[in-house]
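Those protein sequence lines, which keep their order, are chains A and B. The opening residue of the first sequence carries number 1 in this note's numbering; numbering runs sequentially from there. The opening residue of the second sequence carries number 1001 in this note's numbering; numbering runs sequentially from there. Just so it is clear, CB atoms sit at the ideal spot from N, CA and C, and this is done for glycine as well. The model shown is predicted, which means the values in this text are computed figures rather than measured ones. The structure appears below as structure tokens.
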Amino acid sequence: MNSLSYTEEELMACVMARLLRGLRHVAVGALSPLPASAALLAQALEPGLQVTILGSRKHLRFTDGGRELFDCAAQGRIDAFFLSGAQIDGQANINLVGVGDYAKPDRRFPGSFGSAYLYHLVPKVILFRQEHTARIFVPQVDFISAAGVSPPNVYRPGGPQHLVTGRAEFAFSEGQFRLVSTHPGTDAEAVRAATGFEFESAASVPGTPAPAPDELEALRGAVRAAVSEIYPAFVARAFAAPTP
Amino acid sequence: MSQLVPDLTTLLAPLSDGMSLAIPPDYSGVALAATQALLKRGVRDLHLIAVPQAGLQADLLIGAGCVKLLEAAGINLGEHGLAPRFTAAMQAGELRMRDATCPAIHAGLQAAEKGIPFIPLRGILGSDLLRVRPDWRVIDNPYGENDPIVLIPAIRPDVALFHARMADRDGNVWVGIRRELLLMAHAAQHTLVTVEEIYEGSLLDDPALAAGTIPALYVTRVCEVPGGMRPLGFEDEPSDAALLARYANVARSVEGFDGFLREWLA
């Protein structure tokens, strides 16, 4: 905890949830506690939103096996998805494979999972990474699991639109990131120093709006309870206890 | 002839060294008791196909030196983090890997299911996966114009191996909504299944059960092995978190892995 009345994870969940307003269906991959929290928070505040969470029994309304998420996305039935990366570069390329030479990497990660596909097909992909350092945000990724931008002849209804980190929120359009806001305790200059790629920013960058009372109440109440069914350790670490 | 066999040795007899073996993800039905038997037997040179990702099962087979080629969209231990023997083998440059993306593995199996040589799939363009997967081709959509699209070759595993809720004495296997297991059985030459229990009667008689059933036509052998997925979870039974956490820790070294394996196989 910091001196604020909310945690970094709670702020990130609120920022990510705000990006889901007005959507019909958001899907969350396996092992993504922060996106799961954001999706369920958005749903708590806007109950019309359908939430699909891989790895959950309660929030998974699929009956056609592992392929259904991907077929569903290809048909345009999923409006938003979250992706992360061991490295993310200024072109929004993400690397989930490894650092160093592909054949004998210095560090090998689990693999690309569904990223190479969903990045192209889900209209609003929200990138997230709590650690905001030049180790993660690099000039150029060592391996492109999924490409941020494509030539005009590539069929691509989807792609990256936002990046939420532990320090800031960015928007991505026309092949470039733009700093939208910085979280409490940091500023544009510090964010630039911690980021290995160039990005646009206005002369004056606003602070990220703090969680509103209704957001925090939902997050620490219904969302906390729902997420702890899937990610108990994360919830205990990331969320403050509900106020009695 | 009934597919029901009395023991794991008989169940696994159709799987020979050097074959391709399709396994399900940890959230589906992983046949770990059968994997234990394979490790005891000392199976070698497997082409392991994760459908589309895998965890403990793959890491054990890799660590024990049973895998010559791995095809997967991701290998990790879920919330317990990196799969240590996979990670070490890759960083040492010792494991041949076909990196994939989840839908490409599903699609490759679907092509095999239909008996066609390949299947087109959206996305992927611009990914380095195309660079490391020369078997994935890019063509111009013949029904469109200037519309590149990726082709994925059919994936026809020699063997699919998984754990399911139940089978009847005719060899029909009920998987419920875990339909990636149905896809695996359709695509594979041989399907070997361990089940929690035997269902008395035919799973095909009740339409509600039949909808979630793999017909015996696709099933080579079945063995009743209650708890055959442990220490992974199954349906509402959680995985053994303490054991998985210990594995994730000790298996980071070869000695730790060997010790774990000796104990687990004892």
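Item	Value
Hey, could you find the ends of the beta strand (DSSP E) B/H1163 is sitting in?	V1159 to D1168
Which two residues bound the contiguous beta strand (DSSP E) that contains B/M1097?	R1096 to D1099
Can you give me the C-alpha to C-alpha distance between B/T1010 and B/L1004, rounded to a whole angstrom?	10 Å
Are the beta-carbon atoms of A/P35 and B/G1074 separated by less than 7 Å?	no
Should A/E200 be labelled buried (16 or more other beta-carbon atoms within 10 Å of its own) or exposed?	exposed
Leaving aside the five residues before and after A/G166 along the sequence, list all residues of the same chain whose C-beta is less than 6 Å from its C-beta, in chain order.	E8, Q130 and H132
Report all residues from its chain with a CB closer than 7 Å to the CB of B/A1245; omit the five preceding and five following residues, and keep chain order.	H1080
Counting only the same chain and skipping the five closest in sequence on each side, list residues whose C-beta sits under 6 Å from that of A/S84.	F128 and R129
If contacts are defined as beta-carbon pairs under 8 Å, then A/G66 and B/P1025 qualify, I think. What distance do you get, rounded to the angstrom?	7 Å
Comparing C-alpha positions only, which one of B/G1228, B/P1238 and B/G1093 sits nearest to A/D101?	B/G1093
Which residues, in chain order, does the segment 85-110 of chain A contribute to contact with chain B at a C-beta distance below 9 Å?	N93, N95, L96, V97, G98, G100, D101, Y102, A103, K104, P105, D106, R107, R108, F109 and P110
Would you call the segment 1050-1066 of chain B and the segment 1205-1223 of chain B in contact, with 3 or more CB pairs under 8 Å?	no
How about B/L1121 and B/V1159: are their beta carbons less than 7 Å apart?	no
Kindly list the residues whose CB is nearer than 6 Å to the CB of B/D1135, restricted to its own chain and excluding five residues on each side of it in sequence; keep chain order.	P1153
Alpha carbon to alpha carbon, how far is B/L1032 from B/P1226?	11 Å
DSSP state of B/L1011, grouped into three classes?	helix
Which partner residues of B/R1137 appear in the DSSP bridge assignment?	B/L1151
So which of A/S204, A/A147 and A/V191 has the shortest CA-CA distance to A/A168?	A/V191
Give a yes or no on whether 7 Å exceeds the smallest Cβ distance from A/G159 to chain B.	no
Where B/P1157 and A/H120 are concerned, what is the direct C-alpha to C-alpha distance, given to the nearest angstrom?	28 Å
Could you compute how far the alpha carbon of A/M1 sits from the alpha carbon of B/G1018?	Per-residue confidence for A/M1 stands at a pLDDT of 42, beneath the threshold of 50, marking its modelled position as unreliable; the derived number appears in the next sentence. A/M1 and B/G1018: Cα-Cα distance of roughly 53 Å.
Chain A beta carbons: is any one of them nearer than 7 Å to that of B/S1127?	yes
Cβ closer than 8 Å: which chain B residues qualify as neighbours of A/L121?	R1122 and G1123
Counting only the same chain and skipping the five closest in sequence on each side, list residues whose C-beta sits under 6 Å from that of B/A1112.	A1154, I1155, R1156 and A1187
For a test of the three-state rule: what should DSSP assign to A/G228, helix, strand or coil?	The sequence as given places Ser at residue 228 of chain A; Gly does not occur at that position. Here A/S228 sits in helix by DSSP.
Quick check: the Cα distance between B/D1128 and A/R107, rounded to an integer number of angstroms?	17 Å
At 4 residues or longer, what runs of the alpha helix (DSSP H) sit wholly inside the segment 1046-1125 of chain B?	1056-1063, 1084-1091 and 1102-1114
Is B/L1203 helix, strand or coil when you go by DSSP?	coil
I need the DSSP call for A/V99, collapsed to helix, strand or coil.	strand
Taking all protein chains shown into account, decide if B/E1180 is buried (16 or more other Cβ within 10 angstroms of its Cβ) or exposed.	buried
Inspect the CB distances between the segment 146-164 of chain A and the segment 1103-1117 of chain B and report whether three or more fall short of 8 Å.	no
Could you check the C-alpha separation between A/F137 and B/A1089 for me, to the nearest Å?	27 Å
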